[in-house]
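What follows is one structure encoded as structure tokens, with my remarks underneath.
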Amino acid sequence: MFGTKCARCGLALQSTDYVHRVFASIYHVQCFTCFFCGHLFKKGDHYVLVDGQVICRPDYEHLLCQTPICQSHLFYDQNDSNRKTPKRPRTILNTQQRKAFKLAFEKTSKPCRKVLCRSASCFFAVNLF
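Residues 1 to 129 (full-length UniProt numbering) make up the sequence shown, in order.
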């Protein structure tokens, strides 16, 4: 852990520091807070990791409710004039999610929905020590 820096404050982590680990990121205990509201996470608190930012469950749910579904995200096939409904939005995965999906499909040709959801980091993590 020597030479490792806190994902929030960027300061070096000392061998005597208590830390929280979230996937590849490491945080000082006092830095392990919600990106939006600054809530200091305690054992058992739910949080979500979105684009490298830790977000508490209430703020994440609020964020989901505030995200409008606009028509620009719906794709129409202009070659199919009989089609009345828009196509679903395109799913875009980051590099880490693509690797996780590939690994899930290497283990089994038909991974269950739970495994795919976990691979896409769309679950609430509760792994606080």
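Backbone N, C-alpha and C define an ideal beta-carbon position, used for all residues, glycine too.
When you compare only the Cα positions, how much space is there between residue i and residue j?
i, j, result
"threonine 4", "glycine 10", "9 angstroms"
"leucine 13", "cysteine 6", "6 angstroms"
"residue 133", "serine 15", "Lying outside 1 to 129, the shown extent of the chain, residue 133 is not represented and no answer is given."
"alanine 105", "histidine 20", "Alanine is not the amino acid found at residue 105; the sequence shown has phenylalanine there. In a straight line, the C-alpha of phenylalanine 105 is about 30 angstroms away from that of histidine 20."
"lysine 102", "cysteine 112", "14 angstroms"
I'd like to check one pair, residue j with residue i: are the Cβ atoms closer than 8 angstroms?
i, j, result
"arginine 57", "cysteine 31", "no"
"cysteine 34", "aspartate 51", "no"
"leucine 29", "valine 54", "Reading off the sequence, residue 29 comes out as valine, not leucine. Result no, Cβ atoms of valine 29 and valine 54 do not sit closer than 8 angstroms."
Is DSSP giving residue i helix, strand or coil here?
i, result
"arginine 21", "strand"
"serine 65", "Checking the sequence, you will find cysteine at residue 65 rather than serine. Helix, per DSSP."
"leucine 103", "helix"
"cysteine 56", "strand"
"threonine 95", "helix"
Give every residue of the same chain whose Cβ lies closer than 7 angstroms to the Cβ of residue i, excluding the five residues on either side of it in the sequence, and list them in chain order.
i, result
"aspartate 17", "His28"
"threonine 108", "none"
With a threshold of 6 angstroms on Cβ separation, who are the neighbours of residue i within its own chain once the five nearest residues in sequence on each side are excluded?
i, result
"asparagine 94", "none"
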